[in-house]
Amino acid sequence: MSPSPSSPSPSQDRSRNRRADARRSRASILDAAIRLLNERPDASVEAVATAAGVTRQTVYAHFPSRERLLAATLDRLTERTAAAMAAAEPDSGPAAEALLRLLDAAERCTAEHPGLVRAAAALPTDAREDAERHVAVAELLERVVRRGRHDGEFDDGLPADWLVSAVIALAHTASEQAEAGRLSPDRAREVLRTSLLRLLGTGSGRAAEGAGNGGTGGGEARDG
5 MSPSPSSPSP SQDRSRNRRA DARRSRASIL DAAIRLLNER PDASVEAVAT
55 AAGVTRQTVY AHFPSRERLL AATLDRLTER TAAAMAAAEP DSGPAAEALL
105 RLLDAAERCT AEHPGLVRAA AALPTDARED AERHVAVAEL LERVVRRGRH
155 DGEFDDGLPA DWLVSAVIAL AHTASEQAEA GRLSPDRARE VLRTSLLRLL
205 GTGSGRAAEG AGNGGTGGGE ARDG
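For the sequence shown, the numbering used here assigns the number 5 to the initial residue and increments by one for each residue that follows.
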């Protein structure tokens with residue numbers, strides 16, 4: 005008796021199992037890479053393989069080079085960051101406050117992986133790849149920006165996609181300044197908030213700026 009059309013053949017079962025095994029193997033390698041590279045940004049592929057409990061050949065089967073492995077770990081970290089931002093209630097409350105919540109969530113996620121961020125800084129710059137990596141993050145930010153423009157909180161004189169790109173660039177700059185020791189983490193956060201709210205050009209944003217700094221008016225960025 006031949007198998008029914010809806011029943012997978014033994015070869016299909018084996019193929020499906022191999023794909024599932026490959027996905028699990030890739031996930032375990034990435035999880036190990038994130039942990040290890042955060043502790044040791046210069047960790048080798050061999051060290052990652054050992055931490056993941058696989059052979060070096062298995063790592064290379066998924067990632068042809070250390071550079072590609074590092075890029076994939078950065079992709080995974082960005083996915084986690086987007087998930088944290090989505091959990092920060094982007095559709096609740098004033099748009100300015102929502103935007104700050106999303107950026108705070110992103111900053112916390114990044115701050116938990118300083119070693120990985122340092123390792124990723126060694127990657128060659130690829131604007132297209134970076135844009136693709138940040139699609140989910142950009143969509144969340146754009147949602148808040150468009151809501152703020154619609155509600156009259158944000159100036160609608162500039163294109164929304166340009167504002168989103170500027171928000172991401174400013175957030176990266178704040179992180180880099182803090183990482184390099186040019187600004188303390190608190191000062192970098194203060195300057196970022198002030199810069200963003202001025203960029204968005206809102207009256208209500210001033211109130212959120214004050215609220216984000218304890219309501220003391222500390223959001224004003226001063227030289228020095």
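We treat Cβ as the ideally placed atom computed from N, Cα and C, and that holds for glycine. Just so we're clear, the structure is a prediction, and the values are computed from it rather than from any experiment.
Residue environment, residue i, which counts as buried when at least 16 other CB atoms sit within 10 Å
i	result
Ala-131	exposed
Thr-85	buried
Val-171	buried
Thr-59	exposed
Ala-24	exposed
Ala-125	exposed
Glu-101	buried
Val-149	buried
Leu-50	Sequence check: residue 50 is Glu here, not Leu. Exposed is the call here.
Glu-43	exposed
Thr-129	exposed
Ala-135	exposed
Cβ-Cβ distance between residue i and residue j below 9 Å
i	j	result
Leu-106	Arg-197	no
Pro-98	Arg-147	no
Leu-167	Leu-204	yes
Ala-142	Ser-169	yes
Ala-65	Val-52	no
Ala-1	Arg-112	Look at the range of the chain in this structure, 5 to 228, and you will see that residue 1 is not part of it.
Asp-79	Arg-137	yes
Arg-70	Ser-48	yes
Leu-81	Leu-120	yes
Glu-194	Arg-122	no
Thr-54	Ile-33	no
Glu-83	Ala-164	no
Ala-175	Ala-90	no
Residue i (DSSP reduced to helix, strand or coil)
i	result
Asp-25	helix
Ser-169	helix
Ala-164	helix
Glu-157	coil
Glu-183	helix
Leu-103	helix
Asp-134	helix
Thr-129	coil
Gly-119	helix
Residue i at chain D interface by Cβ criterion, 9 Å
i	result
Ala-173	Among the chains of the structure shown, chain D does not appear; only one protein chain is present.
Expected contact under 8 Å - CB spacing of residue i and residue j to nearest Å
i	j	result
Ala-76	Leu-127	With a Cβ gap of about 11 Å, Ala-76 and Leu-127 do not count as contacting.
Ala-192	Gln-181	5 Å
Asp-160	Arg-153	4 Å
In chain order, each beta strand (DSSP E) run of at least 3 residues that lies wholly inside the segment 18–93: The segment 18–93 contains no whole beta strand (DSSP E) run of 3 or more residues.
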